[in-house]
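**Student:** Line by line, the protein sequences give chains A and B. Residue numbers 6 to 494, in the numbering used here, belong to the letters of the first sequence in order. Residue numbers 14 to 624, in the numbering used here, belong to the letters of the second sequence in order.
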Amino acid sequence: MFPLVSLSLFMPLLGAAVILAMPRARAPMVHALGIGTATLTLAGTLWMWVRGVQADGFSQVEQIDWMPAIGASYRVGVDGISLPLVLLTAALFLLTLIYSVRVRERPHAYVVLMLLLETASLGVFLALDALLFYVFFEVSLVSMYFLIAGWGHEDRQRAALMFFLYTLLGSLPLLLAILAFYLGAEVSTFDMRAWIAQPPLSGSAAMWALAAMLFTFAVKTPVFPFHTWLPAAHVQAPAAGSVVLAGVMLKFGTYGLIRFALQMTPEAMRAAAWVVMVVGVLSALYGAFVALAQTDLKRLVAYTSVNHMGYIIVGVAAAALAADPALRTLALDGSVLQMVSHGLVTGALFFLVGSLQERANTREMERFGGLLQQVPRLGWFFILAAFASLGLPGLAHFPAEFQIFLATLGVAPAAAVVVLGIVVTAGLYLRAIGKVFLGPLPAQWERMPDLGTRELLVLTPLTLLIVALGVAPAWVLQVIHRTTSTLSF
Amino acid sequence: MNPLAWVTLIPLAGALSIGLLNRAPAVLALLSVAAGLAASVWLLVAVAAGAAPELTLPGLPAMPLRLGGEPLQALLSLVVAGVAFFVVLYAVGYSRDDPQRSRFFSILCFFIAAMQALVLAADWLLLLAAWELIGLSSYLLIGFWYQRPGVAAAANRAFLYTRSADMGLYLAAFALILASGSSEIATSLQHAGAAAPFVGLMLLLAAMGKSAQTPLHDWLQRAMAGPTPVSALLHSATLVAAGAILLIRSAPLLPDEILLLVALVGGVTTVVTGLIALAETDLKRLLAASTSSQYGLMLIAVGAGAPVAALLHLIAHAAIKSALFLAAGVFQHSRESTEFKALRGVGRERKATYGGFALAALALAGIPPLSGYFSKDAVIAATLVSPHPGLLGGLALAGTLLTGAYMARALRLLWRGEARPHRLAGLVWMGSGLAGLVLFAATLKLYFSAIESLLESVPPESTLASVMGLGAALSGLLLGGWLGGKRLSGPLWRWARQGFAISGGMTHWVVHPALGLARRCQRLEDLLYATVLAIGRMGLLVGRVTRCGDEGVIDRLILALAHASRTLGVRLRGLHSGLVHRELALTTAAGALMLGVLAALGWWVGPGAAP
Numbered sequence: 006m007f008p009l010v011s012l013s014l015f016m017p018l019l020g021a022a023v024i025l026a027m028p029r030a031r032a033p034m035v036h037a038l039g040i041g042t043a044t045l046t047l048a049g050t051l052w053m054w055v056r057g058v059q060a061d062g063f064s065q066v067e068q069i070d071w072m073p074a075i076g077a078s079y080r081v082g083v084d085g086i087s088l089p090l091v092l093l094t095a096a097l098f099l100l101t102l103i104y105s106v107r108v109r110e111r112p113h114a115y116v117v118l119m120l121l122l123e124t125a126s127l128g129v130f131l132a133l134d135a136l137l138f139y140v141f142f143e144v145s146l147v148s149m150y151f152l153i154a155g156w157g158h159e160d161r162q163r164a165a166l167m168f169f170l171y172t173l174l175g176s177l178p179l180l181l182a183i184l185a186f187y188l189g190a191e192v193s194t195f196d197m198r199a200w201i202a203q204p205p206l207s208g209s210a211a212m213w214a215l216a217a218m219l220f221t222f223a224v225k226t227p228v229f230p231f232h233t234w235l236p237a238a239h240v241q242a243p244a245a246g247s248v249v250l251a252g253v254m255l256k257f258g259t260y261g262l263i264r265f266a267l268q269m270t271p272e273a274m275r276a277a278a279w280v281v282m283v284v285g286v287l288s289a290l291y292g293a294f295v296a297l298a299q300t301d302l303k304r305l306v307a308y309t310s311v312n313h314m315g316y317i318i319v320g321v322a323a324a325a326l327a328a329d330p331a332l333r334t335l336a337l338d339g340s341v342l343q344m345v346s347h348g349l350v351t352g353a354l355f356f357l358v359g360s361l362q363e364r365a366n367t368r369e370m371e372r373f374g375g376l377l378q379q380v381p382r383l384g385w386f387f388i389l390a391a392f393a394s395l396g397l398p399g400l401a402h403f404p405a406e407f408q409i410f411l412a413t414l415g416v417a418p419a420a421a422v423v424v425l426g427i428v429v430t431a432g433l434y435l436r437a438i439g440k441v442f443l444g445p446l447p448a449q450w451e452r453m454p455d456l457g458t459r460e461l462l463v464l465t466p467l468t469l470l471i472v473a474l475g476v477a478p479a480w481v482l483q484v485i486h487r488t489t490s491t492l493s494f
Numbered sequence: 014m015n016p017l018a019w020v021t022l023i024p025l026a027g028a029l030s031i032g033l034l035n036r037a038p039a040v041l042a043l044l045s046v047a048a049g050l051a052a053s054v055w056l057l058v059a060v061a062a063g064a065a066p067e068l069t070l071p072g073l074p075a076m077p078l079r080l081g082g083e084p085l086q087a088l089l090s091l092v093v094a095g096v097a098f099f100v101v102l103y104a105v106g107y108s109r110d111d112p113q114r115s116r117f118f119s120i121l122c123f124f125i126a127a128m129q130a131l132v133l134a135a136d137w138l139l140l141l142a143a144w145e146l147i148g149l150s151s152y153l154l155i156g157f158w159y160q161r162p163g164v165a166a167a168a169n170r171a172f173l174y175t176r177s178a179d180m181g182l183y184l185a186a187f188a189l190i191l192a193s194g195s196s197e198i199a200t201s202l203q204h205a206g207a208a209a210p211f212v213g214l215m216l217l218l219a220a221m222g223k224s225a226q227t228p229l230h231d232w233l234q235r236a237m238a239g240p241t242p243v244s245a246l247l248h249s250a251t252l253v254a255a256g257a258i259l260l261i262r263s264a265p266l267l268p269d270e271i272l273l274l275v276a277l278v279g280g281v282t283t284v285v286t287g288l289i290a291l292a293e294t295d296l297k298r299l300l301a302a303s304t305s306s307q308y309g310l311m312l313i314a315v316g317a318g319a320p321v322a323a324l325l326h327l328i329a330h331a332a333i334k335s336a337l338f339l340a341a342g343v344f345q346h347s348r349e350s351t352e353f354k355a356l357r358g359v360g361r362e363r364k365a366t367y368g369g370f371a372l373a374a375l376a377l378a379g380i381p382p383l384s385g386y387f388s389k390d391a392v393i394a395a396t397l398v399s400p401h402p403g404l405l406g407g408l409a410l411a412g413t414l415l416t417g418a419y420m421a422r423a424l425r426l427l428w429r430g431e432a433r434p435h436r437l438a439g440l441v442w443m444g445s446g447l448a449g450l451v452l453f454a455a456t457l458k459l460y461f462s463a464i465e466s467l468l469e470s471v472p473p474e475s476t477l478a479s480v481m482g483l484g485a486a487l488s489g490l491l492l493g494g495w496l497g498g499k500r501l502s503g504p505l506w507r508w509a510r511q512g513f514a515i516s517g518g519m520t521h522w523v524v525h526p527a528l529g530l531a532r533r534c535q536r537l538e539d540l541l542y543a544t545v546l547a548i549g550r551m552g553l554l555v556g557r558v559t560r561c562g563d564e565g566v567i568d569r570l571i572l573a574l575a576h577a578s579r580t581l582g583v584r585l586r587g588l589h590s591g592l593v594h595r596e597l598a599l600t601t602a603a604g605a606l607m608l609g610v611l612a613a614l615g616w617w618v619g620p621g622a623a624p
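1) From the DSSP output, in three-state form, read off Arg429/B for me.
2) Output, in sequence order along the chain, the residues in the segment 419 to 431 of chain A whose CB is closer than 8 Å to any CB in chain B.
3) Going by beta-carbon coordinates alone, are Tyr152/B and Leu435/A separated by less than 9 Å?
4) How would you label Phe7/A, buried or exposed, when you count the other beta carbons within 10 angstroms and need 16 or more for buried?
5) Name the chain B residues whose beta carbon is nearer than 9 Å to that of Tyr291/A?
6) Taking contact to mean at least 3 C-beta pairs separated by less than 8 Å, is the segment 335 to 343 of chain B in contact with the segment 385 to 393 of chain B?
7) For Glu349/B, count the other beta carbons within 10 Å of its own beta carbon; 16 or more makes it buried, fewer makes it exposed. Which is it?
8) Got a sec: is the Cβ-Cβ distance from Ile8/B to anything in chain A below 9 Å?
9) So the candidates are Ile409/A, Val23/A, Ala182/A and Ile183/A; which of them puts its Cα closest to the Cα of Phe334/A?
10) Any idea which residues DSSP pairs Arg79/B with across the strands?
11) Could you give the distance in angstroms between the alpha-carbon of Ala331/A and the alpha-carbon of Glu145/B?
12) Measuring only the C-alpha atoms, how far is Ala623/B from Glu596/B?
13) When we look at the beta-carbon of Val58/B and count the other beta-carbons within 10 Å, is it buried (16 or more) or exposed?
14) Just to confirm, are Val276/B and Gly358/B a CB contact at a threshold of 9 Å?
15) Does any C-beta atom of chain B lie closer than 9 Å to the C-beta of Ile438/A?
16) Which partner residues of Ile69/A appear in the DSSP bridge assignment?
17) Need the endpoints of the alpha helix (DSSP H) that Gln408/A sits in, please.
18) Closer than 9 Å, CB to CB, is Val100/B near chain A or not?
19) May I ask which residues mark the beginning and end of the alpha helix (DSSP H) holding Leu450/B?
20) With which residues is Asp136/B paired in a DSSP beta bridge?
21) Any heavy atom of the ligand MG closer than 8 Å to the beta-carbon of Val428/A?
22) Checking contacts by CB at 9 Å: is Gly444/A closer than that to chain B?
23) With 16 as the cutoff for other CB atoms within 10 Å, does Ile75/A come out buried or exposed?
24) Does the segment 286 to 297 of chain A come within contact of the segment 241 to 257 of chain A, defined as at least 3 CB pairs closer than 8 Å?
25) Please classify Ala60/A as buried or exposed, where buried requires at least 16 other C-beta atoms within 10 Å of its C-beta.
26) Does any C-beta atom of chain A lie closer than 9 Å to the C-beta of Gly493/B?
27) Span of the alpha helix (DSSP H) holding Phe141/A?
28) Check distances from the C-beta atoms of the segment 173 to 194 of chain B to those of chain A and list, in chain order, the residues that come in under 9 Å.
29) Measuring CB atoms only, is the segment 55 to 75 of chain B touching the segment 209 to 225 of chain B, in the sense that at least three cross pairs come out at less than 8 Å?
30) Smallest Cα separation from Ser462/B: which of Phe453/B, Gly444/B and Pro472/B?
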């Protein structure tokens, strides 16, 4: 069989190698190579999408022995939970590279790091071997560290270090949990499929492993109170870094929560689901309220990520708690869809904030006003993305949040208080729109240029996807649903 | 092809084509509303002939989007399309000189599409979606002149008020879907079971937000910052109607205690907002307050167990209030203001418009044979046969009296003063839109019996109600025309001027606490950040202490050792002089020493070593 999955996975790495082999190439050439590679990768993942997933287990699996002595192999494949995320990753990276063509500062290193990050990110979603997963998980961290440290804003060194230490320390418990699974399994293997089919741990061992994984994923997602690295990293990261960080890398946490915590320690997860639910609700509401207090537009968007990722946590907890399989499927459908929606919407918002910062050199909302008349394209794109983020029907977040809330109310009526979050996000986005885009235009911004071709090339497809996902979520949901409706745990 | 699809898709296509083409917006908008109206007529005719069209679209798994053509829905669709047609006709003239016409008509058409989806929705998912989308369109339309100060705040307020109340609709829909296992509205309403009281309460909350009922009424008056055709369409006949429509549709589900609550909310609203209208100094804001007041009457009817009476009043009010707003828009263009102060005598210079306004005002007050008389009659009659005739009847009559009073006051204020005749551009378009609506406002009664037979439901009738209603309307008109607002509302005047806000209203009770909580969260956030940094610093400190240990003790030891060896080496070097005789002497001495030592060792070790 044609190794489509592996080819898509390592295509960016190949591109990176080509760029490294041409140290004298000029910046436009380097960027063109990066974009070409990302396009090929996207084409590969689209083809994977066309191939589709089967109802049960993983599809399109490719496998090569790696360290047979310890049962670690190179194993990749997709199911309905990972495939949409793979597609999201490939799409966002392509857009990010297009957006970044203006980077003239060490373009080689920039594009190479981006491509390395792309392979790592794809690998996290594609890996079916726990060791492989962990390797990709860590490699992504390193690339992001260098992106923030090398191309970030004023205080980037500290933010990058904080990001690195936080998530590095955060991921160590996951390694322990993986080793525990390995030791607990009857057959010595790192095959995640085997662990999912037959959870290796039970009783208190499973609970300890779960606690370790929950910590890792709570840092990565991030969940209150382990989220403080997020705004720091976002504010300092370059726009493209923010997009990848929020759009793709936060999903590692929630993807891991489903793939590892829910699927490999189902009993323990069910027992601990109440805690997860409470943390999720708290995180979602807290994120919304802190976002309401921000005056920096980028920090505001960063905190709404805490809010939206909180809904995913709530959805996964509801799935773990649900006795009725229909409700469980509903909750998982919503959670996975929310990951995709959040990637698209927050990606768009960070691109827009980045464009605004490029023009104004500030992100303080108080300093803007009336920009809609000066930069109508930027303004309308922002308004649309903001309304998507506050959960307006017809845009990407609504179907996901509808499902999550519905399932949550069915499983734990008290947790439905989380619905309040969508009022608060509405309030904060309207305030932001009002401050930045409505009202009279300060003379200072009378020469601000509107979005150019490069930005339109990025934002138009993103916006179309946001609308497509909102109006007709079925094209993604049917893939997700095929897997979630057959999950048994 | 299904008429349901045309009814919603035509305005949507209009909105998209205007937005994309950015050309000939007025023509495109007129075309699309006219075609939409034709589709609605087609739908109603088909439904009246016994058809029950349905349309299912893919939505979420196991929850498709459904459009339905029940008689009530088909009827409401026609009302929406009809009002929309006349308003757009009017807006062609009204917006003549606006450079942002495309945006205006595009959003207007989008709103119409969303409203059609709302009335035709047969499942909760689509209803919720449409419900929020009309909220979005009203936000965009209220904020149309976004450069003006204060407009953004008004738009924000409208969206936030309704969205907060929308939580009720979300929770009600969730509870119904979970209780009945179906997202279809009709099915789920029949199988609500024990969830009914909760659902009823939540639906009421949602309706209170959208229909601007007390205490959520003040967004509507502020929403008048938008262009006047917007007020005519959204804030009288359609957006605000969504709340009442929701309650009318779900009325069979509501238990008795919730029905009473609905009626009481409506009753309080009709009186409170009636008094506000009486004290208002701005024509459009008066009309907005009156809208809340009239929807209060509809809620009374729903609560009294006669949703069909509420529906009749909704339809009559839709035509009447749109007509009033359109006339107000003409006055506004004449004097560039909607303040009564600026509008004094405007009626004399726009006599035809004033005539239309007066006719609609009398219809709203409930003077026969105009439509409002009959619909209000039905509401009052419904209260008399309800379980609480005294209470609800009293509130309904008070509302009627106030309606007469504030309309008479408006008529008086617009007429008294001097005319300043001048030409007005676009008056033909505006006039024809207005005329059409006034015609309907006056003559809708002719269709009431057809509506009743279509819905197979007859509102209660009573002569007593007719007499009392007419009496209240006439006395209201006389009092308002004679005494004016200030003397009539007496001690309540000042409070009514502030919109009956209880110590600062929503801003004080909701917005400030929310922002306070946000600030407190931010402080916690700073604390968390500082803690993490402190932990990081502690790590660094530990590192530094370790380093000091390394450098101070171990390193120094090793260095000392190295130093000592070097010194030793330097000292020993002195011995290596290269002078043969000295070397020889040293060697001999050392050899003798070694031999001696060895001999001594051998002697000492030897005996012990022997077995």
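By construction, the Cβ of each residue, glycine as well, lies at the ideal position given by its N, Cα and C atoms.
**Tutor:** Walking through what the data contain:
1) On the second sequence, position 416 is the one that residue 429/B refers to. In the structure shown, Arg429/B sits in coil (DSSP, three-state: anything other than H, G, I, E or B).
2) Ala421, Val424, Leu425, Ile427, Val428, Val429 and Ala431
3) Your numbering for residue 152/B matches position 139 in the second sequence. Your numbering for residue 435/A matches position 430 in the first sequence. Yes. Within cutoff.
4) Taking the first residue of the first sequence as 1, we reach residue 7/A at position 2. Counting Cβ neighbours within 10 Å, Phe7/A comes out exposed, since fewer than 16 surround it.
5) Numbered from its first residue, the first sequence carries residue 291/A at position 286. Going along chain B in sequence order, the residues near Tyr291/A (Cβ under 9 Å) are Cys534, Leu537 and Glu538.
6) no
7) Locating residue 349/B in the second sequence gives position 336, counting from the first residue. Per the 10 Å Cβ criterion, exposed.
8) The structure shown does not extend to residue 8/B, since chain B is modelled only from 14 to 624, so the question has no answer here.
9) By one-based count along the first sequence, residue 334/A stands at place 329. The sequence given here has Thr at residue 334/A, not Phe. Residue Ile409/A is the option with its Cα nearest to Thr334/A.
10) Position 66 of the second sequence holds residue 79/B. Thr69/B, per the DSSP bridge assignment.
11) As a first step, residue 331/A must be located in the first sequence, where it is residue number 326. As a first step, residue 145/B must be located in the second sequence, where it is residue number 132. If I take the Cα positions, the gap works out to 27 Å.
12) Residue numbering aside, residue 623/B sits at position 610 when the second sequence is read from its first letter. Residue numbering aside, residue 596/B sits at position 583 when the second sequence is read from its first letter. Unreliable positioning characterises Ala623/B in this predicted model, as indicated by a pLDDT of 44, which lies under 50. The coordinate reading is nonetheless provided below. One C-alpha to the other measures close to 39 Å.
13) Indexing the second sequence from 1 puts residue 58/B at position 45. Exposed, by the Cβ-count rule.
14) Counting from one through the second sequence, the residue named residue 276/B turns up at place 263. Counting from one through the second sequence, the residue named residue 358/B turns up at place 345. Looking at the sequence provided, one finds Ala at residue 276/B rather than Val. Their beta carbons are not under 9 Å apart, which means Ala276/B does not touch Gly358/B by this criterion.
15) In the first sequence, the residue the question calls residue 438/A occupies position 433. Yes, Ile438/A lies at the interface with chain B (some Cβ there is under 9 Å from its Cβ).
16) Counting from one through the first sequence, the residue named residue 69/A turns up at place 64. Answer is Tyr79/A, bridged to Ile69/A.
17) The sequence position of residue 408/A within the first sequence is 403, counting from 1. Residues His402 to Val416.
18) Position 87 of the second sequence, counted from the first residue, corresponds to residue 100/B. No, because no Cβ of chain A sits closer than 9 Å to the Cβ of Val100/B.
19) On the second sequence, position 437 is the one that residue 450/B refers to. Leu440 to Thr456 is the extent of the alpha helix (DSSP H) around Leu450/B.
20) On the second sequence, position 123 is the one that residue 136/B refers to. In DSSP, Asp136/B forms a bridge with Glu197/B.
21) Among the components modelled here there is no ligand, and therefore nothing to report on the ligand MG.
22) Along the first sequence, one-based indexing puts residue 444/A at 439. Yes, Gly444/A lies at the interface with chain B (some Cβ there is under 9 Å from its Cβ).
23) Position 70 of the first sequence, counting from 1, holds the residue named residue 75/A. Its Cβ having fewer than 16 others within 10 Å, Ile75/A is exposed.
24) no
25) Residue 60/A sits at position 55 when you count from the first residue of the first sequence. Counting Cβ neighbours within 10 Å, Ala60/A comes out exposed, since fewer than 16 surround it.
26) As a position in the second sequence, residue 493/B is number 480, starting the count at 1. Closer than 9 Å: no.
27) For this step, residue 141/A is matched to residue 136 along the first sequence. Ala135 to Trp156 is the extent of the alpha helix (DSSP H) around Phe141/A.
28) Leu173, Arg176, Ser177, Asp179, Met180, Tyr183, Leu184, Ala186, Phe187, Ala188, Ile190, Leu191 and Gly194
29) no
30) Here residue 462/B corresponds to residue number 449 of the second sequence, with the count starting at 1. The shortest C-alpha separation from Ser462/B is found at Pro472/B.
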